[in-house]
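Numbering (our numbering), first residue to last: 1069 to 1167.
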């Protein structure tokens, strides 16, 4: 009898959380969040504020977003027969990211 009570005390909470997880997951799949327009994205808001000369608070996530949207890849010339090697900026990036 004690074994059934212990099983009941373990199984009921587990089943409750599993059912709740299934319901929440199904709800999020059937009703996804609406994407925000790009004009409201923090990167765009900061960029407009900087263009106006307004000071903008910056956090670590903001720095990563700015780096992700920055396009400063050096030109990389190649031909079907070979290449010029890695651009120096790529080598510096590899050196910074070394383990």
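Glycine residues also receive a C-beta, built at the ideal position from the N, C-alpha and C atoms. For clarity, every value in this text was computed on a predicted model and none was experimentally measured.
Whole-number beta carbon distance between residue j and residue i, since they are thought to touch under 8 Å
i            : j            : result
residue 1124 : residue 1132 : About 15 Å; that fails the 8 Å criterion.
residue 1044 : residue 1085 : Outside the shown range of the chain, which is 1069 to 1167, sits residue 1044, and nothing can be said about it.
N- and C-terminal bounds of the alpha helix (DSSP H) containing residue i
i            : result
residue 1080 : 1070-1098
residue 1137 : 1128-1137
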